[in-house]
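Okay, so here's the structure we're looking at.
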Amino acid sequence: MAKIILTHEVSGLGAAGDIVEVKNGYARNYLLPRGFAIVWTQGGEKQVDSIKAARAARAVANLEEAQALAASLKSQPVKVTVKAGSNGRLFGTVKTADIAAAVANAGLGKIDKRNIEVSDHIKSTGNYTATVRIHEDVVANLRLQVVAAAKK
Numbered sequence: 001m002a003k004i005i006l007t008h009e010v011s012g013l014g015a016a017g018d019i020v021e022v023k024n025g026y027a028r029n030y031l032l033p034r035g036f037a038i039v040w041t042q043g044g045e046k047q048v049d050s051i052k053a054a055r056a057a058r059a060v061a062n063l064e065e066a067q068a069l070a071a072s073l074k075s076q077p078v079k080v081t082v083k084a085g086s087n088g089r090l091f092g093t094v095k096t097a098d099i100a101a102a103v104a105n106a107g108l109g110k111i112d113k114r115n116i117e118v119s120d121h122i123k124s125t126g127n128y129t130a131t132v133r134i135h136e137d138v139v140a141n142l143r144l145q146v147v148a149a150a151k152k
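Numbering (UniProt numbering) for the sequence shown: 1 to 152.
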């Protein structure tokens, strides 16, 4: 078992700043190469405080604000405009940063791209659902409407 410090939230494992033990292969082949974690050392314990402070600065302050944000996200679908071909196939995929920007542009609030989870890659226009973890106790389903950008 490998002892690691999470630098990003990993669903089913923990949040940024948590110290967890995982199997060696999972740490070596998935978490460490993708930058989701760093190897635990005694010197790394000092980084835990800075990681937790950064997470607290990004987090929604209280439960009431989180519930209000979740209600606004559920109220209407968010339109994500991306470049696409004539058959509706996208040039690339819709990233979580694109979704966060679309939510901010729609005036629904500011969410962190790290808190957005999309079940499958979005590679064509249409309607999709993403999960947004706003607070430890509040998770909202966000409806996405992916449309092609107007051609110039």
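For each residue, glycine too, the CB sits at the ideal point set by N, CA and C.
Under 9 Å, do residue i and residue j count as touching if we go by C-beta distance?
i: V147; j: K79; result: yes
i: N115; j: V132; result: yes
i: L32; j: V10; result: no
i: V39; j: A2; result: yes
i: A70; j: V138; result: yes
i: T7; j: G35; result: yes
i: I99; j: A130; result: yes
i: L142; j: N127; result: no
The alpha helix (DSSP H) that contains residue i, what's its start and end?
i: A16; result: No alpha helix (DSSP H) contains A16, which DSSP labels as neither H nor E.
In chain order, what residues of the same chain lie with their CB nearer than 6 Å to the CB of residue i, ignoring the 5 residues before and after it?
i: A84; result: L90, T125 and A148
i: T96; result: K113 and I116
i: A106; result: V78
Given residue i, which residues of its chain have a CB within under 7 Å of its CB, disregarding the five upstream and five downstream residues?
i: S72; result: L108 and G109
i: T81; result: V147 and A149
i: A27; result: A2, I4 and A37
Could you tell me the boundaries of the beta strand (DSSP E) in which residue i lies?
i: H135; result: G126 to H135
i: R143; result: V138 to A148
i: I122; result: I122 -> no beta strand (DSSP E), and no H or E assigned at all.
i: L6; result: A2 to L6
Quick one: residues in its chain with C-beta nearer than 8 Å to the C-beta of residue i, no 5 flanking neighbours on either side, listed in chain order?
i: K23; result: M1 and A2
Can you list, in chain order, the stretches of the alpha helix (DSSP H) that have 4 or more residues and sit fully within the stretch 35-84?
-> With a minimum length of 4 residues, the unbroken runs of alpha helix (DSSP H) contained wholly in the stretch 35-84 fall at 45-58 and 63-75.
Do the stretch 42-53 and the stretch 14-27 touch if we need at least three Cβ pairs shorter than 8 Å?
-> yes
Kindly provide the ranges of any alpha helix (DSSP H) runs that are 4 or more residues long and lie completely inside the stretch 87-118, ordered along the chain.
-> 96-105
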